[in-house]
Amino acid sequence: MRNDIILVRPTLELKEEALAYREEHFQQGEKIIYGSELLDKTESYEEWLTDVTRNTDPKTVSETWVVTDTFFAVRENDARIVGIIDLRHTLNDFLKDLGHCGYSVRPSERRKGYATEMLCKLIETAKESGMKELQISVERENTASRKVIERNGGVYERSFVFDLFT
C-alpha cells in the first residue's frame, strides 16, 4: 500500500486546491463528488468550510445531519488533493442505507491505489474514535469501489435500491 498521502481536514489554505479538485470532477461530467459533504453543490468554499467544521462537533452539527469528519487526501510530495473522504459517526434514517463513509478520487489520479489507502486511513480514524464497525455502501455497478472495500477487509452483506424521488 502506498504511504504518500495524508488525511487532512479542510482549511482555508486549501481553498484553491479544493476548488481545482472539484472543477476536475465537473470537467469529467461528474456532478456528484461522493464523500465531499456537498462541496459539489456549494457556491462558497468558505460557507462549505464553516458547515464541515460545525459538523465535526455534536454541539454544533446541523440538526438534519450527523457528526461527520471530512478529510482531503493530500499527496505529501506535492500537496495535491487526490481525494476526499468522510466519516459519519452515526447513521440517521437518511443515511441508514448509505453508510458511515463516502469517498471519491480525483479523476486524473484514479487507479493508483489512493481510494484503498484513503479508506485504510479512515478505518484507523474510526477505530481511534471508538467505532467498532463501519457500514459502507456502493452502487452495484461500481466494481472499483467494491474492490477498495474488500481490500480493506470489508465483506459484502446486501444490496438495496435507493430512489431519491420516493
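The opening position of the sequence shown corresponds to residue 586 in my numbering, with each subsequent residue numbered one higher. Even for Gly, the Cβ is constructed at its ideal location relative to N, Cα and C.
Cβ neighbour criterion (16 or more within 10 Å) applied to T751: If you number the sequence shown from 1, residue 751 lands on position 166. With a pLDDT of 42 at T751, under the threshold of 50, the modelled position of that residue is not reliable, and the figure given next carries that caveat. With fewer than 16 Cβ atoms within 10 Å of its Cβ, T751 is classed as exposed.
- request: Classify L749 as helix, strand or coil using the three-state DSSP reduction.
  value: As a working mapping, residue 749 is identified with position 164 in the sequence shown. In this predicted model, L749 has a pLDDT of only 48, less than 50, meaning its place in the structure is not dependable; the value taken from the coordinates is given anyway. Reduced to three states, the DSSP call for L749 is coil.
- request: Inspect the CB distances between the segment 675 to 691 and the segment 705 to 725 and report whether three or more fall short of 8 Å.
  value: yes
For Y688: DSSP bridge partner residues: Counted from its first residue, the sequence shown places residue 688 at position 103. Note: Y688 sits in a beta bridge opposite I670.
task: Have a look at A729, L599, L719, E718 and flag the residue whose alpha-carbon is nearest the alpha-carbon of T658.
output: Position 73 of the sequence shown, counted from the first residue, corresponds to residue 658. Reading off the sequence, residue 658 comes out as Ala, not Thr. When each option's Cα is compared against that of A658, the closest is L599.
field: Which of helix, strand or coil DSSP assigns to V652
entry: The count along the sequence shown starts at 1 and reaches residue 652 at position 67. In the three-state reduction of the DSSP assignment, V652 falls in the coil class.
query: Does the beta-carbon distance from R607 to I617 come in below 9 Å?
result: Here residue 607 corresponds to residue number 22 of the sequence shown, with the count starting at 1. Here residue 617 corresponds to residue number 32 of the sequence shown, with the count starting at 1. For R607 and I617, no; Cβs fall outside 9 Å.
message: Between S629, N737, L624, which has its C-alpha nearest D671's C-alpha?
response: Taking the first residue of the sequence shown as 1, we reach residue 671 at position 86. That would be L624, whose Cα lies nearest to the Cα of D671.
query: Excluding five sequence neighbours on each side, which residues of the same chain lie with their C-beta closer than 6 Å to the C-beta of V723?
result: One-based indexing of the sequence shown puts residue 723 at position 138. Answer for V723: S730, R731, listed in chain order.
- request: Alpha carbon to alpha carbon, how far is D642 from E602? Give it in angstroms, no decimals.
  value: Within the sequence shown, residue 602 is the residue found at index 17, counting from 1. Within the sequence shown, residue 642 is the residue found at index 57, counting from 1. When rounded, the distance between both Cα atoms is 25 Å.
query: Looking at the structure shown, is L634 part of a helix, part of a strand, or coil, going by DSSP?
result: Numbered from its first residue, the sequence shown carries residue 634 at position 49. If DSSP states are grouped into helix, strand and coil, L634 belongs with the helices.
message: Tell me which residues share the same chain as L604 and place their Cβ nearer than 8 Å to its Cβ, disregarding the 5 neighbours each side in the sequence.
response: Within the sequence shown, numbered from 1, the residue matching residue 604 stands at position 19. Taking L604 as the centre and dropping the five residues before and after it, the same chain places the C-beta of Y630 closer than 8 Å to its C-beta, in chain order.
- request: Have a look at T635 and T655 and give me their C-alpha separation to the nearest angstrom.
  value: The residue you call residue 635 lines up with position 50 of the sequence shown. The residue you call residue 655 lines up with position 70 of the sequence shown. Roughly 12 Å between the two C-alpha positions.
message: Residues in the same chain with beta-carbon distance under 8 Å from E661, minus the five sequence neighbours each way, listed in chain order, please.
response: Counted from its first residue, the sequence shown places residue 661 at position 76. Cβ within range, chain order: D589, I590, I591.
query: For the alpha helix (DSSP H) that L592 lies in, which residues bound it at each end?
result: If you number the sequence shown from 1, residue 592 lands on position 7. It is not in any alpha helix (DSSP H) - L592 instead sits in the beta strand (DSSP E) that spans 590 to 593.
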